[in-house]
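Only one structure is covered here, and it is reproduced in the block below.
In the UniProt record's numbering, the protein residues as written are 1 to 64.
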């Protein structure tokens, strides 16, 4: 997947961001953190907060 195809890139360039892109963007952020950090429960913690992360992304975009 090229940088142009990432959910974060699509979200940044979307005139009408939606929940699906917010969730996909949150998952990309989680993936990058899990791949670069240690700790067996890291993914579990992030996934339990996925909805909160997506909410924060959506809220930030509304202030855009």
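We put the beta carbon where it would ideally sit given N, CA and C, even for glycine.
Query - Secondary structure of residue 9, DSSP reduced to three states - result: helix
Report task. Measure the C-alpha to C-alpha separation of residue 44 and residue 61 and round it to an integer number of angstroms. Result -> 26 Å
Query raised in the report: Would residue 35 be called buried (16 or more neighbouring beta carbons within 10 Å of its own) or exposed?
Result: exposed
Query raised in the report: Under the rule that 16 or more other beta-carbon atoms within 10 Å means buried, what is residue 37, buried or exposed?
Result: exposed
**Report entry** Sequence ranges, alpha helix (DSSP H) only - wholly within the region 37 to 61, length at least 4
**Finding:** 42 to 48
Query raised in the report: Does DSSP put residue 31 in a helix, in a strand, or in coil?
Result: helix
Requested in this report: Could you round the C-beta distance between residue 28 and residue 7 to whole angstroms and report it? I think they count as a contact, below 8 Å.
Outcome: 6 Å
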